[in-house]
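Encoded as structure tokens, the structure appears first; notes follow it.
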Amino acid sequence: MAHERMGAGEPLVLVHGISHRRQAWYPVAERLAEHREVILFDLPGHGESPALVTNGRPVKEVLQEVLVELFDELDLHRPHIAGNSLGGRISLEAAADGLVSSATGLSPAGFWQGDLDFAYIRAHFAALMTTARVTRPVAPTLARSGLGRKVMLGSLMTHGERVDRDHLLGDLEHMVAARPALKTIMSAAYPFVTDIPAEVPVTIAWGTKDRVLLPYQAERARRQLPGAEHVRLEGSGHVPMSDDVDGVVDVLLRGSSHGLRSVASAVA
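In our numbering, the protein residues as written are 435 to 702.
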């Protein structure tokens with residue numbers, strides 16, 4: 435898998451969301467690297483990594499195998515892990531499987547309620563894909579202005595204007611290229627129902643302006659994982675790393691600290 439390492443200290447693996455890429459973490463990576471060894475990687479079928487190939491195997495099994503192989507390749511023994519959206523779900527599954535020392539999910543996937551809710555999620559990503567393809571010819575012009583970037587990223591974050599123009603254009607190209615992986619993962623999706631051992635610290639943070647995995651799902655996560663630390667990211671969207679750099683850095687550092695994980699002003 436395509437990956438980057440930076441910083442020093444306790445290793446923290448960061449997992450991006452579906453149709454995104456490892457650069458999603460750039461707004462917070464340097465700050466985190468002051469305290470952790472940060473590992474960013476592209477999931478299969480995303481970014482610069484090879485295609486997602488299941489050969490009839492469960493998607494969860496394939497993604498877990500990819501994660502284990504990455505840990506082995508980088509000589510990581512039960513690192514901390516954090517993820518956004520699909521990456522958050524992967525992080526929780528890794529915690530349940532005993533692969534990590536702690537897990538943090540930013541709007542993790544898997545807490546929707548019933549088929550109707552999931553149909554909304556599927557429709558949202560279908561609309562994102564269609565928009566990305568249709569606007570490709572004019573995207574370089576639209577992305578020149580902060581307002582244009584804010585509008586283009588409005589369903590994913592509240593402060594899209596903070597995303598660099600070239601970064602945004604790269605995200606759009608890779609989003610379109612990730613369509614096969616998105617279809618495979620979506621077709622195999624199911625709610626998160628796995629128990630996580632009590633000895634593995636878990637933190638769940640949710641943007642109050644999330645338009646993809648609506649914030650009511652944070653309450654479902656709270657009921658399902660009562661032993662976790664639950665955090666509200668006020669004013670943040672589904673991809674909060676640009677919306678609230680300070681808040682996300684704080685959550686990820688505290689979530690990967692094995693103890694003292696009260697998130698003072700942000701805890702709901």
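Glycine residues also receive a C-beta, built at the ideal position from the N, C-alpha and C atoms.
Only a predicted model underlies this, so the values are computations on that prediction, with no experimental measurement involved.
Select from S519, A537, L550 the residue whose C-alpha is nearest the C-alpha of P513.
Position 79 of the sequence shown, counting from 1, holds the residue named residue 513. Of the candidates S519, A537, L550, the one whose C-alpha sits nearest the C-alpha of P513 is A537.
Using a threshold of 8 Å, state whether the C-beta atoms of P478 and P484 are closer than that.
Walking along the sequence shown from the start, residue 478 turns up at place 44. Walking along the sequence shown from the start, residue 484 turns up at place 50. In contact: P478 and P484 (Cβ atoms closer than 8 Å).
Within 8 Å, strictly: CB atoms of P590 and H672
Here the question's residue 590 lines up with position 156 in the sequence shown. Here the question's residue 672 lines up with position 238 in the sequence shown. It should be pointed out that residue 590 corresponds to Leu in this sequence rather than to Pro. For L590 and H672, yes; Cβs fall inside 8 Å.
Between which residues of its own chain and A467 is the CB-CB distance below 6 Å, once the five residues before and five after are set aside?
Along the sequence shown, read from residue 1 onward, the residue named residue 467 stands at position 33. Cβ within range, chain order: M440, G441.
To test your reading of the DSSP string, which unbroken alpha helix (DSSP H) runs of 4 or more residues are found completely within the region 489-560?
Runs of alpha helix (DSSP H) with 4 or more residues, each lying fully within the region 489-560, are found at 493-507, 520-530, listed in chain order.
Have a look at the DSSP bridge pairing and note the partners of M440.
Within the sequence shown, the letter at position 6 stands for residue 440. Answer by DSSP bridge pairing, in chain order: V472.
Alpha-carbon to alpha-carbon, L520 and G548:
Taking the first residue of the sequence shown as 1, we reach residue 548 at position 114. Taking the first residue of the sequence shown as 1, we reach residue 520 at position 86. When rounded, the separation of the alpha-carbon atoms in G548 and L520 is 18 Å.
Can you look up G451 in the DSSP assignment and give me helix, strand or coil?
Looking up residue 451 in the sequence shown gives position 17. Of the three classes helix, strand and coil, the one that applies to G451 here is coil, per DSSP.
Extent of the continuous beta strand (DSSP E) to which H664 belongs:
As a first step, residue 664 is located in the sequence shown; it is residue number 230 there, counting from the start. Segment 663-667, the beta strand (DSSP E) holding H664.
For H437 and I473, which I take to be in contact (beta-carbon distance under 8 Å), what is that distance rounded to the nearest angstrom?
Residue mapping note: residue 437 aligns to position 3 of the sequence shown, counting from 1. Residue mapping note: residue 473 aligns to position 39 of the sequence shown, counting from 1. At roughly 6 Å, the Cβ-Cβ gap stays under 8 Å, so H437 and I473 are in contact.
Relative to the alpha-carbon of D678, which residue among Y460, G661, L562, G443 has its alpha-carbon at the smallest distance?
Taking the first residue of the sequence shown as 1, we reach residue 678 at position 244. Checked all of Y460, G661, L562, G443; the closest Cα to D678 is Y460.
Which runs of the beta strand (DSSP E) spanning at least 3 residues fall entirely within the region 610-671, listed in chain order?
636-641, 663-667
Going by CA-CA distance only, name the one from R456, I555, R613, T488 that's closest to N518.
Within the sequence shown, numbered from 1, the residue matching residue 518 stands at position 84. Ranking R456, I555, R613, T488 by Cα distance to N518 puts R456 first.
Roughly how many angstroms lie between the CA atoms of L533 and R688, to the nearest whole one?
Your numbering for residue 533 matches position 99 in the sequence shown. Your numbering for residue 688 matches position 254 in the sequence shown. Computed Cα separation, rounded: 19 Å.
I need the DSSP call for P574, collapsed to helix, strand or coil.
Start at 1 with the first residue of the sequence shown, and residue 574 comes out as number 140. Here P574 sits in helix by DSSP.
Count the other CB atoms within 10 Å of the CB of V447; is the residue buried (16 or more) or exposed (fewer)?
What you label residue 447 is simply residue 13 of the sequence shown in a count that begins at 1. Counting Cβ neighbours within 10 Å, V447 comes out buried, since at least 16 surround it.
Reference P571; option with closest CA among S670, L606, R657
For this step, residue 571 is matched to residue 137 along the sequence shown. The shortest C-alpha separation from P571 is found at L606.
Can you give the beta carbon distance from A529 to V636, rounded, assuming they're within the 8 Å contact cut?
Locating residue 529 in the sequence shown gives position 95, where the first residue counts as 1. Locating residue 636 in the sequence shown gives position 202, where the first residue counts as 1. Yes, A529 and V636 are in contact; Cβ-Cβ is about 6 Å, under 8 Å.
Can you have a look at E527 and say buried or exposed, based on whether 16 or more other CB atoms are within 10 angstroms of its CB?
Position 93 of the sequence shown, counting from 1, holds the residue named residue 527. Buried, by the Cβ-count rule.
Which of helix, strand or coil does DSSP assign to P461?
On the sequence shown, position 27 is the one that residue 461 refers to. Helix.
Between the C-alpha atoms of D506 and G582, what's the straight-line distance to the nearest angstrom?
Reading the sequence shown from its first residue, position 72 is the one you call residue 506. Reading the sequence shown from its first residue, position 148 is the one you call residue 582. Each residue's Cα considered, the two are about 42 Å apart.
Where DSSP assigns a beta bridge to P445, which residues make up the other side?
The residue you call residue 445 lines up with position 11 of the sequence shown. Partner(s): E471.
Who are the near neighbours of V701 in its chain, counting only those whose CB is closer than 8 Å to its CB and skipping five residues on each side?
As a first step, residue 701 is located in the sequence shown; it is residue number 267 there, counting from the start. Residue placement at V701 cannot be trusted, given a pLDDT of 38 that sits under 50; what the coordinates show is reported in the next sentence. Here the set comprises E663, H664, V665, R666.
DSSP three-state label for D678, please.
To locate residue 678, count along the sequence shown from 1; it is residue 244. It is coil, neither helix nor strand.
Quick one: what does DSSP say R695 is sitting in, helix, strand or coil?
Along the sequence shown, read from residue 1 onward, the residue named residue 695 stands at position 261. Low confidence applies to R695: its pLDDT is 40, below 50, so where it sits in the model is not reliable enough to give any reading.
Answer yes or no: do S676 and H593 have a C-beta to C-beta separation smaller than 8 Å?
The sequence position of residue 676 within the sequence shown is 242, counting from 1. The sequence position of residue 593 within the sequence shown is 159, counting from 1. Cβ atoms of S676 and H593: closer than 8 Å.
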